[in-house]
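Residue numbers (this note's numbering): 53 to 536.
For glycine and all other residues, C-beta sits at the position ideal for the given N, C-alpha and C.
Here's the structure, in structure tokens; my notes come after.
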């Protein structure tokens, strides 16, 4: 497996990180202000570096907005309304070019994050419980970034694992000009990082670390990677590989041993309305945190959805119709009569103007793991257990539902449909359709009664390698994705 150092990507990211005035980079200043040797020479310095690592995930180009939005907007859950702020029209219309600013933002901000992550991983500090925890969190974060890079810029593993993936960056070298690793090589690195993370971390949610030399404490909640968040993410990675035996093993490990439970039906709406990271073992494994000070403001996902903000993205009529009147999840979609028609706004993120806290972006939840386990059972010919896990989610969210009884291909379809409802507006739907190589029926912006039919072979389902990268790296110039 190639393990590339990188020049332009990391060097450009360093420039962007230091000079950018955007909100999502300001949290890195304490870490950037430290000379690198100082940042790596003590537990306190490494703790600051880890905080900078997490702050970089909040970028509006990443989990702060673009990634979760893309996963629903380029699928069949959302469309941009006719009167809009001009954002993400390219995603809605499938009009993506090599100069696409949103794709470039994902690429660049991902490698900003990876640079910060590698600083923690490559720290020369000798191992102890705290240092191992920091490194474990960084390995998990790097796995997450590579997972989303390869899903956005390369063919699905289930379609062509030998296709070109993305450059694997494990250290910084300003003179290196990397080529793209294969999809398989990237997934191998992801799983290697997740295994290292799981083995290194010993602290869990509601544990408190004491930082050597300062006495500073670090109370872990769901805004930090922990052992079981890592295993939950690995179950999802295996699902996207179509490796159902390992997906089942990882998901079952989480279900049986993590102690995490589903949020109750009665608490479901308040769970989503609360912007505070979890300190209990209810539902959330990992989320990217924002608060009243550190947030993306007008560039946040919640402001994009909020009818009092941009309110640009609406739920399709077809998707709203998938929720029964007794399904608690329907309460997070708001019907509004506009111009004689009823339109539907997302209300899963309701804290865009909260003066004391802001919405976090949930990355992996217990319900996701249960549905991964259900699909793994179904695809390995254990339909009884598949339906037990599927109905565990479906009947929690809709107590009036009598449960799925399907078999064969229809059972798989029911699991995919339940994933669509349960993980709506969290960025999953597009990638589920990618991994099963399905056609996307996309609502048109200019006429919501008409569809754009996006075949699995449509090249715009995969982002281009940004033109700015092509221009400066001759080794990647011949490796542009087909069609661009």
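{"Asked": "Have a look at residue 434 and residue 382 and give me their C-alpha separation to the nearest angstrom.", "Found": "30 Å"}
{"Asked": "Give the straight-line distance between the Cα atoms of residue 214 and residue 229, rounded to the nearest whole angstrom.", "Found": "21 Å"}
{"Asked": "Quick one: measure Cβ to Cβ for residue 535 and residue 511, integer angstroms, because I've assumed they're closer than 8 Å.", "Found": "3 Å"}
{"Asked": "Using 7 Å as the threshold, is the C-beta distance between residue 161 and residue 201 below it?", "Found": "no"}
{"Asked": "Output needed for residue 517: all residues of its chain with C-beta closer than 6 Å, excluding positions within five of it in sequence on either side, in chain order.", "Found": "532"}
{"Asked": "Out of 513, 203 and 157, which one is the CA nearest neighbour of residue 117?", "Found": "157"}
{"Asked": "Quick one, which of 352, 332 and 333 has its alpha-carbon nearest residue 341's?", "Found": "352"}
{"Asked": "Whole angstroms are fine: how far does the CA of residue 153 sit from the CA of residue 101?", "Found": "28 Å"}
{"Asked": "May I have the straight-line CA-CA distance separating residue 403 from residue 355, to the nearest angstrom?", "Found": "8 Å"}
{"Asked": "For residue 211, which of helix, strand or coil comes out of DSSP?", "Found": "coil"}
{"Asked": "If I'm right that residue 287 touches residue 424 with Cβ under 8 Å, what's the distance once you round it to whole angstroms?", "Found": "5 Å"}
{"Asked": "Report the rounded CA-to-CA distance for residue 396 versus residue 388, giving the unit in angstroms.", "Found": "6 Å"}
{"Asked": "What are the boundary residues of the beta strand (DSSP E) that includes residue 49?", "Found": "The chain is shown from 53 up to 536; residue 49 falls before or after that span and cannot be answered."}
{"Asked": "For a test of the three-state rule: what should DSSP assign to residue 75, helix, strand or coil?", "Found": "Model confidence at residue 75 stands at a pLDDT of 29, short of 50, so the residue's coordinates are unreliable and nothing is read from them."}
{"Asked": "Looking at residue 233 and residue 220, is the spacing between their C-beta atoms short of 7 Å?", "Found": "yes"}
{"Asked": "For a quick check, are the C-beta atoms of residue 485 and residue 467 less than 7 Å apart?", "Found": "no"}
{"Asked": "The alpha helix (DSSP H) spanning residue 339 covers which residue range?", "Found": "Unbroken run through residue 339 is the beta strand (DSSP E), 336-340; no alpha helix (DSSP H)."}
{"Asked": "Relative to the C-alpha of residue 357, which residue among 280, 92, 108 and 139 is closest?", "Found": "139"}
{"Asked": "Do you know offhand how far residue 363's Cα is from residue 497's?", "Found": "14 Å"}
{"Asked": "Report the CB separation of residue 289 from residue 274 in whole angstroms; it is logged as a contact under 8 Å.", "Found": "That belief does not hold up - the Cβ atoms of residue 289 and residue 274 are roughly 19 Å apart, past 8 Å."}
{"Asked": "Can you give the beta carbon distance from residue 365 to residue 121, rounded, assuming they're within the 8 Å contact cut?", "Found": "7 Å"}
{"Asked": "Taking 7 Å as the threshold (C-beta atoms), are residue 394 and residue 495 in contact?", "Found": "no"}
{"Asked": "Can you tell me which of the three DSSP states residue 367 falls into?", "Found": "strand"}
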